[in-house]
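Residue numbers (my numbering), protein chains in the order written: chain G, 1 to 333; chain D, 1001 to 1333; chain F, 2001 to 2283.
The beta carbon of each residue, even a glycine, is placed where N, CA and C say it ideally should be.
Fair warning: this is a prediction, and the values are worked out from it, not measured in the lab.
Taking it in order: structure first as structure tokens, then the write-up.
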Amino acid sequence: MTRPNTDASDLLLDMRGLTLGVATPDGILPVVQDLSLSLSTGETLGIVGESGCGKSLTSLAIMGLLEGTPVRVLAGEIFFRGRDLLRLSPRERRAIMGNEMSMIFQEPMTSLNPVYRIGDQIIEAIREHRPMSRRAARDRALELLTMVRIPDPAGRIDSFPHQLSGGQRQRVMIAMALAGSPRLLIADEPTTALDVTVQAQILKLIVELQKDTGMGVMLISHDLGVIAETCDRIAVMYRGRVVETAGARELFQDMRHPYTRGLLDSIPEADEDVDRLSAIPGRVPTLDETITGCAFHPRCARAGAGCDSDQPALTAFAPTHFARCHYPLEPDA
Amino acid sequence: MTDAAPLLQVRDLKTHFTFRAPSTGVLPGPKRVLKAVDGVSFDLAEGEVLGIVGESGCGKSTVGRTLTKLEPATSGEALFRGRDILGLSAGAFRPLRREIQMIFQDPFASLNPRLTIEQTLAEPVRIHGLARTREEVRARISDTLVKVGLDPKVMTRYPHEFSGGQRQRIGIARVMIVEPRLVIADEAVSALDVSIQAQVLNLIKDLQRDSGISMLFISHDLGVVRHISDRVAVMYLGRIVETAPKAAIFEKPAHPYTRLLLASIPRIRPGRQPVVDLGEPASAASPPSGCAFHPRCPLATDICRSTRPDPVDLGNGRSSACHHAGQLLGEAA
Amino acid sequence: MTAILTMGRIFRGRWLATAGLCWLILVALAAIFAPLVAPYDPLEFDPLVRLSPPSQEHLFGTDHFGRDSFSRSLYGARMAIVIGFGSVVVALVAGGLAGMISAYFTRLGHVIMRIVDVLMAFPALLLALVLMTLLERSVVNTVIVIGIVYATTTARILFGMTLKLKGEVFVDAATCSGAGHASILFRHILPNLVSPLLVQASFIFAFAQLQAAALDFLGLGLPPEVPSWGNMLSESRIYVTRASWLLLFPGALIILSVFSMNLVGDALRDSIDPRFRNDIKGV
């Protein structure tokens, strides 16, 4: 497989052939297959897909958070700044996590401990990685709360999580994630639990922080709109595989995979009236179904010979545009 | 819209919840009132779809639950075919339940896991005496399942054997099987994957058109509301702030909150610059004085802080509860 | 067939619980076939062999009337099962109804649950003792008293679960379909309580044994002539230095049976607790 030539010094994250499986009584079922993606410094990569496509598991595998789940890494490598995370000792991994690499989750209420003041939780996160006095850490916590645009940080630092609104809690989570000045921020559905007006604020914050700090951001969402508005590059996942990946503009101007097209056409948009949505027929496959060939073929209008038997390879349509389809869409006239 | 009397007329509907504030000492805390719905009025014509849109906590779901008498109304009237339903006893309302039905959000929670699909669907048929013999009941269930796009053979199975989209179809079958006149859909597609959401939306739209039922479509998703509604009402903190035919409301919002909502939606196609404010909805337990939106409103003036605006008829079926509605419309024109 | 498959799923990889289940099956068989298996009449006196130690003729020895302990133990298994099932039925029906109705009709529930709270303030044995002193010693009364004692905890548990189920969307959906209170309680809520009720039943079954044995031992349970493990213990306590086997065998039977029931109860509970379910669709 050919991949774009990226300046090695800029390459932050490079996943090669990552394959994850879940252990069930009926054996090991693959949940992510042969996933290869990379992310450079200062870049925002969006991963979009429906439930069960493996997008969240991928992020958990990067963060080393699969322990305690029935999911295992079966094959592949995850290079973070040249080191394979999967070959590091737990201690070496912990040194990276929360420091050079951190993560924010969907549900800001359950991610914060309800019995501690938010300031103490941020201070804890800071001192976890950098030995410093409580006073210095508190100053740094205030600085972080200011960075994430919490109104009146000095007044808010001693609040308990339940005293904050959902959006402010997510800001606190982002502040904690920034405590170690990470080079990579993974955001897994960071705005899914939030209202649309608050979502807009949080997305804007993430984009601004990314510009200010130059970190790489991996944004995972089921919402194509969120991804389109925030990301430089987009990977569309279906049933454990990347089916299409391209620059954001490139993808929407020239999509090649029928699933990407179907996903886009399924969304009722607030800017236009359509009489009927062109829905993708069938249903999102569950993990225990075995589908040979291309996993999308049972729902695909373009499916033809070979689709039900041969897994299509990731084919290049442009230097940075790849899709996995035997009968790709023609470029729009 | 027809000129005949509306099917449903809601006048100054209020649903308040009393709860105890957290205790500060030994004695129980003071009683507080949460004004979830605080003076909502609207008409719904025969065969019309009215979308109710707003963020979490705005009271949109409570409107639906009050109209189906799942929550008791505090005051106000809801005239269904000219007859007030809010004052009816549970027994007197039961025959009307056939005509007023509800589709719920969560397809996993809304079906009793211990009943087969046949048992679930037979219940309303039996209660309302729509079929006499077992064969008649079964025939009716078969017909309805076909109507919602399911194989009648599935009726012997249990809910856990179905995917989210299929379960929502079953939920819709439970509603359609009694041939209602008014359907209240509360976030009916919000829990579904995008590709499945489009299928279910198409189904709801087809069923609504074919049977000419009136529908109250409650959702937080503006794209979905635009797709399905004839007219849209926007709610903020327990009140309707703007009502208009859908084209008008999406093209020329006459309330600053509607404008903020529309600007906040993440767009797939680049174009609009998102407008972002820093505020979040206040709690309905302690709403701001005057216009509830004034702390977040760029147009707020002294009158907004002191006087609550009432909905003003702006002609062409639209009304807005904003002191500056005229200015907004003038700007857009 | 499906029942066997379900059992297989519940007990797979749990050898201790499986052993417990086997023991309980053995006890049940002993109870059913007691008249066929028992070498002697459990009530027959034989003064010639008073207090004889375990031997070929008398496997578990004999008591101070010369009655065969082994035969009495077999008939004791009958009593154990009657007491167990009886108490379970009383506790689940009374407690279950009280709990469900209290949770569903909140105002009435306030009154019922306060009565339950008062009853729960007494230690279980004390409550049973007080009730038994008011009643005649008989099998039926023992069952009723033990049932009432465990009805309180059952009511508490079902109160909480019904309250939660009452808030489920499918209950709202049933209301919107026009279902009445009885239909919602018994058609929609009750079937969802079957699994926790089953678990509760297995624990009540076990505790009822202990409770009945204790009542027998204190002379307030079953009539003294009834062969039950508790009565056997009670009668033999004065001979403990001379005839320890009289204490050993019924004591061991009670402990083994209660332990087995608890193991089976644990296995049942784990199998319905979603935290122990291996749900691959959730990941």
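Asked                                                                                                                                                                         : Found
Tell me, please, which residues DSSP counts as bridged to glutamine 1101/D.                                                                                                   : Val1183/D
Using a Cβ cut-off of 7 Å (strictly closer), state whether glutamine 1199/D contacts chain G.                                                                                 : yes
Using a Cβ-Cβ cut-off of 6 Å (strictly less than) and excluding sequence neighbours within five positions of cysteine 294/G, which residues of its own chain qualify?         : Cys307 and Pro312
Starting from tyrosine 238/G, follow the beta strand (DSSP E) in both directions and report where the run begins and ends.                                                    : 233–238
Pull up the distance between the alpha-carbon of arginine 94/G and that of glycine 2160/F, whole angstroms please.                                                            : 42 Å
At which residue ranges does the region 198–247 of chain G contain complete alpha helix (DSSP H) runs of 4 or more residues, listed in the order of the chain?                : 224–230
Classify phenylalanine 2070/F as buried or exposed, calling it buried when 16 or more other Cβ atoms lie within 10 Å of its own Cβ.                                           : buried
With DSSP as the reference, label alanine 323/G as helix, strand or coil.                                                                                                     : strand
Spell out whether any CB of chain D is found under 7 Å from the CB atom of proline 2053/F.                                                                                    : no
Could you spell out the range, first to last residue, of the beta strand (DSSP E) harbouring leucine 1079/D?                                                                  : 1075–1080
How would you list, in chain order, the residues of chain G whose beta-carbon sits under 7 Å from the beta-carbon of asparagine 1202/D?                                       : Arg276, Leu277 and Ala279
Are the C-beta of aspartate 152/G and some C-beta of chain D separated by less than 7 Å?                                                                                      : no
Quick check on this structure: which residue in Gly216/G, Thr245/G and Pro285/G has the alpha carbon closest to the alpha carbon of glutamate 43/G?                           : Gly216/G
Is it true that the region 1135–1151 of chain D meets the region 1169–1187 of chain D, where meeting means three or more beta-carbon pairs spaced less than 8 Å apart?        : yes
Do glycine 1238/D and lysine 1035/D have their beta-carbon atoms positioned less than 7 Å apart in this structure?                                                            : yes
Cβ of alanine 193/G less than 7 Å from any chain D Cβ?                                                                                                                        : no
With contact counted as at least three CB pairs below 8 Å, one residue from each stretch, are the region 2248–2264 of chain F and the region 2203–2210 of chain F in contact? : yes
Quick check: what's the CA-CA separation for valine 2088/F versus alanine 2267/F?                                                                                             : 18 Å
Counting only the same chain and skipping the five closest in sequence on each side, list residues whose C-beta sits under 7 Å from that of leucine 1157/D.                   : Looking at the sequence provided, one finds arginine at residue 1157/D rather than leucine. Cβ neighbours of arginine 1157/D beyond the five flanking positions: Thr1116 and Ile1117.
What residues in the region 311–330 of chain G have a beta carbon less than 7 Å from any beta carbon of chain D?                                                              : none
As a quick exercise: from Arg138/G, Gln170/G and Gly166/G, pick the residue whose alpha carbon is nearest that of glycine 155/G.                                              : Arg138/G
Taking 7 Å as the threshold (beta carbon to beta carbon), is leucine 1260/D in contact with chain G?                                                                          : yes
Which of helix, strand or coil does DSSP assign to leucine 145/G?                                                                                                             : helix
Which bits of chain D does histidine 222/G rub up against, with CB to CB less than 9 Å?                                                                                       : Asp1193 and Val1194
Quick check on the DSSP output: the alpha helix (DSSP H) that includes glutamine 1168/D runs from which residue to which?                                                     : 1164–1176
Using a Cβ-Cβ cutoff of less than 7 Å, which residues in the same chain neighbour threonine 1015/D once the five nearest sequence positions on both sides are dropped?        : Ala1036, Val1037, Thr1062, Thr1066, Glu1071, Ala1073 and Thr1074
With a threshold of 16 other CB atoms inside 10 Å of the CB of cysteine 2022/F, please say whether the residue is buried or exposed.                                          : exposed
Using a Cβ-Cβ cutoff of less than 8 Å, which residues in the same chain neighbour phenylalanine 2085/F once the five nearest sequence positions on both sides are dropped?    : Phe2205
With a Cβ-Cβ cutoff of 7 Å, do threonine 192/G and glutamine 253/G count as a contact?                                                                                        : no
Buried or exposed: which applies to arginine 2009/F, given that a residue is buried once 16 or more other Cβ atoms fall within 10 Å of its Cβ?                                : exposed
With a threshold of 7 Å between beta carbons, is histidine 2188/F in contact with chain C?                                                                                    : Absence of chain C from the displayed structure is noted, the protein chains being G, D and F.
With a threshold of 7 Å on Cβ separation, who are the neighbours of leucine 1222/D within its own chain once the five nearest residues in sequence on each side are excluded? : Val1053, Leu1261, Leu1262 and Ile1265
DSSP on glutamine 418/G, reduced to helix/strand/coil?                                                                                                                        : Past the edges of chain G, shown from 1 to 333, lies residue 418/G, and the structure says nothing about it.
Quick check: what's the CA-CA separation for arginine 1094/D versus alanine 2182/F?                                                                                           : 14 Å
Can a CB atom of chain F be found closer than 7 Å to the CB of serine 1110/D?                                                                                                 : yes
Using beta-carbon positions only, say whether arginine 299/G and proline 319/G come within less than 7 Å of one another.                                                      : no
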